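Trainee:
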Amino acid sequence: MHRLRLLHRLFAVSAAETAEYRAPILVWVLTGTMPLIMMMIWMGLAKAGPMAGYEAEDFAAYFLAIFLVRQMTVCWVHEELSREIRLGEMSPRLLRPLDPYWLFVAQHLTVAAMHLVIALPVAVIGFAATGATIPLEPANSVLFVLAIAGAWTIRFNMLYGVGLLAFWTDQAAALGNLIFTLYIVLGGAVVPLDLFPASVQQALAFLPFAYLLNFPVEVLLGKLTGPAVLRGFVVQLLWILLFVGLRHLLWRNGLKRYSAVGA
Amino acid sequence: MTRYLRLLRIFLVNSLQLEMEYRANFAMDALNALLAFGSGLLVLYAIFEHAESIGGWSFPQALALLGVFMILEGFIELVLYPNLNSLPEYIRKGDMDFMLLKPVSAQFLVSFRYIRLWKLPELATGVALLGYAMAALNTLTPATVALTVVLLVSAATIVYAIWCMLTTTAFWLVKVENLPEFFYSIFSAGRFPVSAFPTWARFALTFIVPIAFVTTVPASAAAGRLDGAMAAGSLLVAALALLLSHGLWRLAVASYTSASS
Chain A
1329 MHRLRLLHRL
1339 FAVSAAETAE
1349 YRAPILVWVL
1359 TGTMPLIMMM
1369 IWMGLAKAGP
1379 MAGYEAEDFA
1389 AYFLAIFLVR
1399 QMTVCWVHEE
1409 LSREIRLGEM
1419 SPRLLRPLDP
1429 YWLFVAQHLT
1439 VAAMHLVIAL
1449 PVAVIGFAAT
1459 GATIPLEPAN
1469 SVLFVLAIAG
1479 AWTIRFNMLY
1489 GVGLLAFWTD
1499 QAAALGNLIF
1509 TLYIVLGGAV
1519 VPLDLFPASV
1529 QQALAFLPFA
1539 YLLNFPVEVL
1549 LGKLTGPAVL
1559 RGFVVQLLWI
1569 LLFVGLRHLL
1579 WRNGLKRYSA
1589 VGA
Chain B
59 MTRYLRLLRI
69 FLVNSLQLEM
79 EYRANFAMDA
89 LNALLAFGSG
99 LLVLYAIFEH
109 AESIGGWSFP
119 QALALLGVFM
129 ILEGFIELVL
139 YPNLNSLPEY
149 IRKGDMDFML
159 LKPVSAQFLV
169 SFRYIRLWKL
179 PELATGVALL
189 GYAMAALNTL
199 TPATVALTVV
209 LLVSAATIVY
219 AIWCMLTTTA
229 FWLVKVENLP
239 EFFYSIFSAG
249 RFPVSAFPTW
259 ARFALTFIVP
269 IAFVTTVPAS
279 AAAGRLDGAM
289 AAGSLLVAAL
299 ALLLSHGLWR
309 LAVASYTSAS
319 S
């Protein structure tokens, strides 16, 4: 009961904060236009005929879904963490009787909800303009929500770990940028992964990025068979365990090294 | 004019001293440049595995375009990010007062004070790639190179002017400091020739957010497929954008009331 009340307060506070930053959030949503640019490029290429089984409308559906997934899993926690650790702003957070992790979780989830509210109309217009459709079946939708939850948890914990590296190095934020490039290109936000050469695709199965973008989208579009869906969820679970474990390890050891500026 | 050149030299030397303090950044930035190059190449390979051309551009021509894109991206990281992006903070904290008190153009000071030299690897990679593509296309003649360089300078001027106008809005919209990020995301459309976009987007990328002049036009010159009207247009747009940015800047400074008053 106490936990529930705490959770409720956390979300109420972060919702109030988020409402304060409406205008910048609108701009952040608009900065996620890369998938829409790629949609136009691939649709133009597909005019000459289908490419690897993709018609123009298939590209549209794929990239509109990517656009939505990116908005729902928006994450910048490594930037805030590394700044707070470097500048010693972490101290007030440590005085609270709650792991700062949960404050960041509440903040990111409310902002993601706000992103979705703004992004959904954009996507609807995109679907109407391109004539693309999503086979919205109950099974797909439920699995999609699960896949999004998995993708969000992996990405959030991975970047949380990157941010915690600031306890040891001032390159944490730079490492975050590097990972972002990999996430965009190897996750499937520029090229649908099944258009990469087979060797590249095989290599991508061993990296987390495909499970952050490409996997939820393929689940939503109903492209995967039962066993492939199951395998995807198992791999997501493994990445979650790995990154959550890493995060705990980095947090415990990092705190011992932390000494705030001026302390 | 010579005073500004001398100042620029002092800023450069000072930036170098600052950068030497953070030598580890160089490794990271070089790695980032390598990654930008690798991922750009991977995307082109994926496209050309399934298509003969993109918007009428062959593979080596698309390589030249990627080179131009990386040069401009390098310019943004080298000059625009470390300077103009601090403007909203100067305004919020009142540091803008000190800029206005200096006996030089405050716009110049806010735009070129810090040059993040460790970002050079990406720009250098872009230059090398562009040179390689031009050699492959047999366009490596002094005339083409000169024209390409002129159009690259023009492109950088356009990007600078747009970026400057977007950050200048911070004088009025104190809370919205991420408008340049919005432009940056549209700038990524410059990885592809404008001819690869649908008609309405081609129009928007030429006349509303003139990305066409930023990457397609210099790359066209390098690939030896430039049409003269677009080259003249680039210079015109650059001059116009620069004038506009300066006008907006003066308007903004006139309405500046400092942070605490």
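Those protein sequences? They're chains A and B, same order as listed.
Residue numbers for the first sequence follow my numbering, beginning at 1329 and rising by one.
Residue numbers for the second sequence follow my numbering, beginning at 59 and rising by one.
We treat Cβ as the ideally placed atom computed from N, Cα and C, and that holds for glycine.
None of these values were measured; they are calculated from a predicted model.
With respect to the alpha helix (DSSP H) encompassing residue 1374/A, which residues constitute its N-terminal and C-terminal limits?
Mentor: Residue 1374/A -> alpha helix (DSSP H) spans 1362-1374.
Trainee: Jot down the residue ranges of each uninterrupted alpha helix (DSSP H) in the segment 71-139 of chain B, minimum 4 residues, whole runs only, in chain order.
Mentor: The qualifying runs are 82-108, 117-133.
Trainee: Should residue 1372/A and residue 256/B be called a contact, given that it needs their Cβ atoms to be closer than 8 Å?
Mentor: Against a cut-off of 8 Å, the Cβ pair of residue 256/B and residue 1372/A comes out as a contact.
Trainee: Using 8 Å as the Cβ pair cut-off and three pairs as the minimum, do the segment 1435-1450 of chain A and the segment 1354-1362 of chain A touch?
Mentor: Contact holds: three or more Cβ-Cβ distances are below 8 Å.
Trainee: From the beta carbon of residue 1428/A, is the nearest beta carbon of chain B less than 8 Å away?
Mentor: Residue 1428/A does not count as touching chain B.
Trainee: State the DSSP-derived secondary structure class of residue 1488/A, mapped to helix, strand or coil.
Mentor: Correct three-state label for residue 1488/A: helix.
Trainee: From the DSSP output, which residues share a beta bridge with residue 1379/A?
Mentor: Residue 1379/A is bridged to 1382/A.
Trainee: Let's see if you can read the secondary structure: which residues bound the alpha helix (DSSP H) around residue 222/B?
Mentor: Per DSSP, residue 222/B belongs to the alpha helix (DSSP H) from 200-226.
Trainee: Determine the direct distance from the alpha carbon of residue 268/B to that of residue 1514/A, and round the result to whole angstroms.
Mentor: The straight-line gap from Cα to Cα measures roughly 29 Å.
Trainee: Mind reading off the beta-carbon distance from residue 1476/A to residue 1397/A? Whole number of angstroms is fine, and I expect it under 8 Å.
Mentor: With a Cβ gap of about 7 Å, residue 1476/A and residue 1397/A count as contacting.
Trainee: Where does residue 1498/A sit, in a helix, a strand or coil, going by DSSP?
Mentor: Three-state DSSP puts residue 1498/A in coil, outside helix and strand.
Trainee: At what residue ranges does the segment 166-201 of chain B contain a whole run of the alpha helix (DSSP H), taking only runs of 4 or more?
Mentor: As far as the segment 166-201 of chain B is concerned, its whole alpha helix (DSSP H) runs of at least 4 residues are 178-194.
Trainee: Judging by CA-CA distance, which residue of 1390/A, 1334/A, 1497/A is the nearest neighbour of residue 1523/A?
Mentor: If we check each option's Cα against that of residue 1523/A, 1390/A comes out closest.
Trainee: Determine the chain A residues that contact residue 247/B at a beta-carbon separation under 8 Å, and present them in chain order.
Mentor: 1365, listed in chain order.
Trainee: Name, please, each residue of chain B whose Cβ falls closer than 7 Å to the Cβ of residue 1344/A.
Mentor: Those within 7 Å of residue 1344/A in chain B number zero; the least Cβ separation is about 15 Å.
Trainee: For the alpha helix (DSSP H) containing residue 146/B, list its first residue and its last residue.
Mentor: Taken as a continuous stretch (DSSP letters only), the alpha helix (DSSP H) holding residue 146/B covers 145-151.
Trainee: On a CA-only basis, which of 76/B, 63/B, 99/B, 59/B is nearest residue 191/B? Give me that one, please.
Mentor: The residue with the shortest Cα to Cα distance from residue 191/B is 99/B.
Trainee: Using a Cβ distance threshold of 8 Å, determine whether the segment 283-290 of chain B contacts the segment 226-239 of chain B, with at least three qualifying pairs required.
Mentor: Not touching, per the Cβ criterion.
Trainee: Quick one, which of 174/B, 85/B, 220/B, 194/B has its alpha-carbon nearest residue 302/B's?
Mentor: Residue 302/B has its Cα closest to that of 220/B, out of 174/B, 85/B, 220/B, 194/B.
Trainee: Can you find a CB in chain B that lies within less than 8 Å of the CB of residue 1351/A?
Mentor: It does; some Cβ of chain B falls within 8 Å.
Trainee: Let me confirm a value: residue 174/B is counted as buried when at least 16 other C-beta atoms fall within 10 Å, else exposed. Which label applies?
Mentor: Its Cβ being crowded by 16 or more others within 10 Å, residue 174/B is buried.
Trainee: Are the C-beta atoms of residue 1413/A and some chain B residue less than 8 Å apart?
Mentor: With 8 Å as the cut-off, residue 1413/A does not count as an interface residue toward chain B.
Trainee: Which residues in chain B sit within 8 Å of residue 1542/A, going by Cβ to Cβ distance?
Mentor: Within chain B, no residue comes near residue 1542/A; the closest Cβ sits about 13 Å away, beyond 8 Å.
Trainee: Touching or not, the segment 170-190 of chain B and the segment 86-104 of chain B, by the rule of three or more beta carbon pairs under 8 Å?
Mentor: At 8 Å Cβ cutoff, the stretches touch.
Trainee: Given this structure, state the Cα-to-Cα distance separating residue 319/B from residue 154/B, to the nearest angstrom.
Mentor: Low per-residue confidence applies at residue 319/B: pLDDT is 48, beneath 50, and the placement is therefore not dependable, though the value from the model is reported in the following sentence. Rounded to whole angstroms, residue 319/B to residue 154/B spans 13 Å at the Cα level.
Trainee: Using a beta-carbon distance cut-off of less than 8 Å, what residues from the segment 1434-1446 of chain A approach chain B?
Mentor: If the cut-off is 8 Å between Cβ atoms, the segment 1434-1446 of chain A has nothing near chain B.
Trainee: With a threshold of 8 Å between beta-carbons, can residue 303/B be considered close to chain A, or not?
Mentor: Closer than 8 Å: no.
Trainee: Taking the C-alpha atoms as reference points, what is the distance between residue 1593/A and residue 1552/A?
Mentor: Because chain A in this structure spans residues 1329 to 1591, residue 1593/A falls outside the shown range and cannot be described.
Trainee: Would you say residue 1369/A faces chain B, with C-beta separation under 8 Å as the test?
Mentor: Chain B contact via Cβ: present.
Trainee: Any Cβ of chain A within less than 8 Å of the Cβ of residue 256/B?
Mentor: By this cut-off, residue 256/B is an interface position.
Trainee: For residue 1318/A, go through chain B and note every residue whose CB falls closer than 9 Å to its CB, in chain order.
Mentor: The displayed coordinates of chain A run from 1329 to 1591. Any statement about residue 1318/A would go beyond what the structure contains.
Trainee: I'd like the span of the alpha helix (DSSP H) that includes residue 1587/A, first residue to last.
Mentor: Note, residue 1587/A: premise wrong, no alpha helix (DSSP H); not H, not E.
Trainee: When burial is assigned at 16 or more other CB atoms within 10 Å of the CB, is residue 135/B buried or exposed?
Mentor: Buried, by the Cβ-count rule.
Trainee: Can a CB atom of chain B be found closer than 8 Å to the CB of residue 1389/A?
Mentor: Taking Cβ atoms only, chain B never reaches closer than 8 Å to residue 1389/A, which makes this a no.
Trainee: Quick check on residue 162/B: buried or exposed, where buried means 16 or more other Cβ atoms within 10 Å of its Cβ?
Mentor: The residue in question, residue 162/B, is exposed, as its Cβ has fewer than 16 Cβ neighbours within 10 Å.
Trainee: If you compare alpha carbons, which of 137/B, 231/B, 78/B is closest to residue 168/B?
Mentor: Of the candidates 137/B, 231/B, 78/B, the one whose C-alpha sits nearest the C-alpha of residue 168/B is 137/B.
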